[in-house]
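So the structure is just underneath, and the comments pick up after that.
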Amino acid sequence: MTDERAEAQTEQERGGDAHFGSFAAEHLSPSFPQRAPWGTAQNLRAWQAEALEAYFGVDGPDGVGRGPRDFLAAATPGAGKTTFALRLASELLRRGVVQRIVVVAPTEHLKTQWADAAARVGIRLDPRFSNRQRMHARQFHGVAVTYAQVAVKASVHQHLVNDASTLVILDEVHHGGDALSWGDALREAYGRATRRLLLSGTPFRSDTAPIPFVEYHPNEKGIRLSRTDYNYGYGRALEDGVVRPVLFLVYAGKMRWRTKAGDELEAHLGQDNTKDVTAQAWRTALDPEGDWIPAVLRSADRRLAEVRQDIPDAGGLVIATDQTAARAYAAILREITGEAPTVVLSDDKAASGRIEQFAQSTTRWMVAVRMVSEGVDVPRLAVGVYATSASTPLFFAQAIGRFVRARRRGEAASVFLPNVPVLLGLAGEMERERDHALDRESGDDDGLEDTLLAEAEREDKASDDLEQEFTYQALGSVAHFDRVLFDGKEFGQLAVPGTPEEEEFLGLPGLLEPEHVHELLMQRQARQTRHRKVREAREGESGGSAEAPDAGLPPALHRTLREQRQLLNSLVGLYARQSGEPHGAVHAELRRVCGGPEVARATVAQLQARIELLRGRVRS
Numbered sequence: 134m135t136d137e138r139a140e141a142q143t144e145q146e147r148g149g150d151a152h153f154g155s156f157a158a159e160h161l162s163p164s165f166p167q168r169a170p171w172g173t174a175q176n177l178r179a180w181q182a183e184a185l186e187a188y189f190g191v192d193g194p195d196g197v198g199r200g201p202r203d204f205l206a207a208a209t210p211g212a213g214k215t216t217f218a219l220r221l222a223s224e225l226l227r228r229g230v231v232q233r234i235v236v237v238a239p240t241e242h243l244k245t246q247w248a249d250a251a252a253r254v255g256i257r258l259d260p261r262f263s264n265r266q267r268m269h270a271r272q273f274h275g276v277a278v279t280y281a282q283v284a285v286k287a288s289v290h291q292h293l294v295n296d297a298s299t300l301v302i303l304d305e306v307h308h309g310g311d312a313l314s315w316g317d318a319l320r321e322a323y324g325r326a327t328r329r330l331l332l333s334g335t336p337f338r339s340d341t342a343p344i345p346f347v348e349y350h351p352n353e354k355g356i357r358l359s360r361t362d363y364n365y366g367y368g369r370a371l372e373d374g375v376v377r378p379v380l381f382l383v384y385a386g387k388m389r390w391r392t393k394a395g396d397e398l399e400a401h402l403g404q405d406n407t408k409d410v411t412a413q414a415w416r417t418a419l420d421p422e423g424d425w426i427p428a429v430l431r432s433a434d435r436r437l438a439e440v441r442q443d444i445p446d447a448g449g450l451v452i453a454t455d456q457t458a459a460r461a462y463a464a465i466l467r468e469i470t471g472e473a474p475t476v477v478l479s480d481d482k483a484a485s486g487r488i489e490q491f492a493q494s495t496t497r498w499m500v501a502v503r504m505v506s507e508g509v510d511v512p513r514l515a516v517g518v519y520a521t522s523a524s525t526p527l528f529f530a531q532a533i534g535r536f537v538r539a540r541r542r543g544e545a546a547s548v549f550l551p552n553v554p555v556l557l558g559l560a561g562e563m564e565r566e567r568d569h570a571l572d573r574e575s576g577d578d579d580g581l582e583d584t585l586l587a588e589a590e591r592e593d594k595a596s597d598d599l600e601q602e603f604t605y606q607a608l609g610s611v612a613h614f615d616r617v618l619f620d621g622k623e624f625g626q627l628a629v630p631g632t633p634e635e636e637e638f639l640g641l642p643g644l645l646e647p648e649h650v651h652e653l654l655m656q657r658q659a660r661q662t663r664h665r666k667v668r669e670a671r672e673g674e675s676g677g678s679a680e681a682p683d684a685g686l687p688p689a690l691h692r693t694l695r696e697q698r699q700l701l702n703s704l705v706g707l708y709a710r711q712s713g714e715p716h717g718a719v720h721a722e723l724r725r726v727c728g729g730p731e732v733a734r735a736t737v738a739q740l741q742a743r744i745e746l747l748r749g750r751v752r753s
């Protein structure tokens, strides 16, 4: 405790009053490990100072000014939770409330990251502490461990907190409910800790497993919801310039696959399909043997090239479902760029080293499975490709969180998404603050369940509605740029990859002032429309003058019907987005006005009448 007394003496010599962060953490950047973005506080961000005031403003077990026993702080990824926690730890050490610090993290990589961050502020944590040791070496202030490590032998960690007054920092605390044994072990190990700081960027779970040390209170419907002591959501962080704005570039397309019985099925991403069909179409889109994912990766690389014009070290991340897909995507990227991407696999012991190496380099792409979605700080990530079948709000929020950390003013992130309704819903709810619900209402549904997607991944069956003996085999996929989502609004319209219409959005400047993003997207949408009209006019002129071998013969009826149906469905989708009406309601209105049966049985003339009506209603 010699260092603490010296610090206190120095404080007295300065004649300053005690203030938050007056321990060694005073010099730490608000967004460790990177410097704070332009325009933010030099020492503490507003939310960090506010959260510290909220903490010490609560009457705890030791009286006023010494903090509560448990405190849950939820802050959006990239906001600076690590810095806040270390400032708080420093202050509790300075005030003599605790003598030891224990950090519990989800992964080996993160506990090392915590130890490195703590070393910057004079707190020495041992990330190599093992369950074979009963006590850390005397030169350390505490240890950094994983949840799995605590679950293996809780008694060792219980001894650590019982031996001295201890602050336990539970990073991404929602992981404490990953298994019943984990929750029980955490309660056994840290039930008598002097102070517990609970941190999470996403303080909720997709299941009903309780999060240890979190308070739950019933709402008006009797559903027990988690209670957060301090919340700093994405919406507020975006207004403060603490995080980047995220542009979602949505890609649709046509998918084909074959059943075990030999039947070929076809579906378009984004249309009103059943969950089963959507799961299979989504899986087909992510198949590396098709054309969809290579086209999206090429577009993403063109977007990254544009960003690197202004931010030379900008990098991209592809999040894959499994290791096989990750390796295949890496091969595609190598062919596109001529540069071998960094591949991070969950069972690779060198994964942490690969991530750190990529973070410090200027290479273009990293491909990883789901493990990289949480807690991994690579601030130079600017472009992402969501190439995984995971669809829970928790995973999506954590995955997008890898791209929101701001380093300088004007940086914007671009994330490429498949046109899957549940993902678009989550993208539109970036600013929504969620609580963890222990009790679920009957019929609660977050969209396309991961269990359903896992079933689609198994080569056994997909749906009772399709075919009980269904065995998946991808036949082909085609990608189309669909639109851009930003701030809950939609911009742009259908475009073929590689065309000037798509390029209008891929070529957005790498540095965008937040207040100008919406205006620029509107301008690009207008330019995209002009490009489309010019191209259609040129195609019409060339079509009228060029003599094809079969120019005198009309196209086959089935081809004409197919083209008309596709055009009608595209216009219906565009009008539905503009009007907010469901696709089915739009189709019903068209049948009422124009007459005729449903689209599948309508004639070419009936389809054309509906197309002409919609063209007059759609705003270009």
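Each residue of the sequence shown is one higher than the one before, starting from 134 at the first, in the working numbering. All C-beta atoms, glycine included, are put in the ideal place defined by N, C-alpha and C.
In its chain, beyond the 5 residues on either side, F381 and L618 have a beta carbon closer than 6 Å to the beta carbon of A560.
Collapsing the DSSP output to three states places A501 in a strand. The C-beta separation of R329 from V301 comes to about 5 Å, placing the pair in contact by the 8 Å criterion. Among the bridge pairs identified by DSSP, L644 is matched with E544.
Distances from the CA of A277 to each of K622, S298 and T240 were compared; the closest alpha carbon is that of T240.
Between E372 and M388, the gap from beta carbon to beta carbon reaches 8 Å or more. Between Q232 and A297, the C-beta gap is smaller than 8 Å, which places the two residues in contact.
Counting of Cβ neighbours within 10 angstroms places V283 among the buried residues, the total reaching 16 or more. The continuous beta strand (DSSP E) containing V383 extends over residues V379 to R391. Contact check between the stretch 199 to 217 and the stretch 449 to 467: fewer than three CB pairs, one atom from each, fall below 8 Å, which does not count as touching. Just so you know, the alpha carbons of A545 and L430 end up roughly 19 Å apart. Using a Cβ-Cβ distance cut-off of 8 Å, the stretch 658 to 676 and the stretch 623 to 638 are in contact, since at least three pairs of beta carbons, one from each stretch, lie closer than that value.
DSSP, reduced to helix, strand and coil, places P343 outside both helices and strands of the structure shown, so it counts as coil. In the DSSP assignment, D443 falls outside any beta strand (DSSP E) and lies within the alpha helix (DSSP H) extending over W425 to D443.
Minimum Cα-Cα distance from Q606 among the listed residues E489, P421, A187 and L303 corresponds to P421.
About 4 Å separates the beta carbons of P474 and W498, which is inside the 8 Å limit, making them a contact pair. Looking only at I465, E353 and V719, the smallest Cα-Cα distance to N702 is reached by V719. In chain order, L258 place their CB closer than 8 Å to the CB of A252, counting only its own chain and leaving out the 5 sequence neighbours on each side.
Pairing A433 with V516 gives a Cβ-Cβ distance under 8 Å. Ranked by Cα distance from Y365, the first of S547, L645, A187 and G486 is A187.
Taking C-beta atoms under 8 Å as the contact rule, L746 and V726 qualify, at a distance of about 6 Å. In chain order, G309, G316, L319 and R320 place their CB closer than 6 Å to the CB of P345, counting only its own chain and leaving out the 5 sequence neighbours on each side.
For D249, the enclosing alpha helix (DSSP H) covers residues E241 to R253.
Taking all protein chains shown into account, N352 has fewer than 16 neighbouring C-beta atoms within 10 Å of its C-beta and is therefore exposed. For G717, the uninterrupted alpha helix (DSSP H) segment begins and ends at H716 to C727.
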